[in-house]
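Worksheet: one structure, shown below.
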Amino acid sequence: MTITETLKGSITVVAINGALDASTAPELQRSPAITNASQTVVIDFEHVDFLDSSGLGALIGTLRKKRDMSAETLLSCMNDRISQVFEITNAYRLFHIFDDTSAAVDYATQLISRK
Amino acid sequence: MNSIITLTLPSDVIFTRFASQTAERAALLMLNSCDADTGNWQFVHAFELAVSEAFANAVTNAEQPGTLQTVIINFIFEQQRLTVTVRDTNQQFSTETPTPDIDSYPEKGYGLLLIRTVMDNVSCIRENGANILSMSKQL
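Those protein sequence lines, which keep their order, are chains R and A.
According to this note's numbering, the first sequence is numbered sequentially starting from 48.
According to this note's numbering, the second sequence is numbered sequentially starting from 40.
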């Protein structure tokens with residue numbers, strides 16, 4: 048798995064490439080924009096081919112830590128296989144999820160400007 | 040097609056993706072051998088996901104981290120049915136764990152929920168000091 052962070056205004060897009068599972072989730076949790084709890088992020092799933100509950104747990108942990116600091120975690124570009132994990136666990140209720148990363152960045156920017 | 044493929048992996052989390060990708064290939068092999076629709080991503084993903092969860096569970100519950108333990112995965116191909124068994128020598132566990140309450144933001148506890156949802160049949164037995172988790176799905 049590789050992680051690329053790109054700053055879009057005040058939002059960081061965290062693009063993951065590969066699988067997010069028990070062996071790679073700690074790597075996501077160590078990435079700078081994720082460890083910085085006050086940084087709002089859009090996590091781009093366009094190139095994520097697999098997600099399991101360990102990966103989901105890392106995302107939920109990220110969401111909780113950032114919300115504690117009034118920041119947000121938004122998700123974009125999830126394929127059917129990734130979406131299925133969110134549907135089974137009801138985790139889609141916790142996140143703002145977008146089909147398009149640009150739309151997610153725009154929404155995140157609006158959220159920040161309201162705070 | 041009636042056959043069994045056995046995969047023995049070290050009890051180490053770094054092999055999680057190897058296990059899940061092998062399960063993905065086994066499901067594709069099943070589809071091919073049955074002349075079924077190889078675009079049936081739900082069938083393929085079910086095994087990829089279930090084995091990832093089962094392997095990670097076996098590894099993270101290991102009683103003696105650092106010792107040379109193994110996880111044994113069997114892929115059992117029968118007519119129109121694929122069964123996977125995952126064997127580990129950890130403490131006994133139950134497949135009847137409660138479903139996590141998503142509104143309290145739990146980071147763990149979803150694995151068995153996912154397995155039970157994507158598979159047709161799930162059972163766990165204790166045999167000769169080992170857990171054997173069995174998961175099957177019909178085409």
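Ideal placement from N, C-alpha and C gives every residue a C-beta, glycine not left out.
CB contact check: residue i to chain A, cutoff 8 Å
i	result
residue 132 of chain R	yes
residue 97 of chain R	yes
residue 50 of chain R	no
residue 75 of chain R	no
residue 127 of chain R	yes
residue 83 of chain R	no
residue 159 of chain R	no
residue 144 of chain R	no
residue 90 of chain R	no
residue 56 of chain R	no
Residue i burial status per 10 Å Cβ neighbour count (16 or more: buried)
i	result
residue 54 of chain R	exposed
residue 107 of chain R	buried
residue 75 of chain A	exposed
residue 104 of chain R	buried
residue 51 of chain R	exposed
residue 118 of chain A	exposed
residue 158 of chain A	buried
residue 161 of chain R	exposed
residue 119 of chain R	buried
residue 116 of chain R	exposed
residue 135 of chain A	exposed
Residue range of the unbroken beta strand (DSSP E) whose run includes residue i
i	result
residue 64 of chain R	58-67
residue 91 of chain R	88-98
residue 160 of chain A	160-166
residue 78 of chain R	Where residue 78 of chain R is concerned, there is no enclosing beta strand (DSSP E), given that its DSSP letter is neither H nor E.
residue 177 of chain A	169-177
residue 113 of chain A	109-117
residue 123 of chain R	120-123
residue 42 of chain A	42-49
residue 51 of chain R	49-55
Residue range of the unbroken alpha helix (DSSP H) whose run includes residue i
i	result
residue 66 of chain A	55-72
residue 157 of chain A	150-157
residue 129 of chain A	Counting along the chain, residue 129 of chain A falls outside any alpha helix (DSSP H), and DSSP gives it neither H nor E.
residue 145 of chain R	First-last for residue 145 of chain R: 143-145, but that is the beta strand (DSSP E), not the alpha helix (DSSP H).
residue 140 of chain R	That residue, residue 140 of chain R, is in no alpha helix (DSSP H); it is neither H nor E in DSSP.
residue 75 of chain A	No alpha helix (DSSP H) contains residue 75 of chain A, which DSSP labels as neither H nor E.
residue 159 of chain R	148-161
residue 99 of chain A	80-99
Contact set between residue i and chain A, taken where Cβ atoms lie within less than 7 Å
i	result
residue 70 of chain R	52, 53, 55, 56
residue 137 of chain R	141
residue 108 of chain R	146
Closer than 9 Å at the beta carbon, the chain R residues around residue i
i	result
residue 99 of chain A	69, 101
residue 95 of chain A	68, 69, 70, 99, 100, 101
residue 59 of chain A	66, 68, 97, 99
Where residue i meets chain A, residues with beta-carbon distance less than 9 Å
i	result
residue 166 of chain R	Since the first residue of chain R shown is 48 and the last is 162, residue 166 of chain R is not available in this structure.
Residue-level contact to chain R via CB, residue i, 8 Å cutoff
i	result
residue 117 of chain A	no
Beta-carbon neighbours of residue i, restricted to chain R and to distances below 8 Å
i	result
residue 92 of chain A	99, 100
CB contact check: residue i to chain C, cutoff 8 Å
i	result
residue 61 of chain A	Among the protein chains of the structure shown, namely R and A, there is no chain C.
Closer than 7 Å, Cβ to any Cβ of chain R: which residues of the region 75-89 of chain A, in chain order?
-> 80, 84, 87, 88
Between the region 146-162 of chain A and chain R, which residues of the former have CB atoms less than 7 Å from a CB of the latter, in chain order?
-> 146, 147, 149, 150, 152, 153, 156
Interfacial residues, the region 133-144 of chain A to chain R, with Cβ spacing under 8 Å = Listed in chain order, the positions of the region 133-144 of chain A with a beta carbon within less than 8 Å of a beta carbon of chain R are 139, 141, 142, 144.
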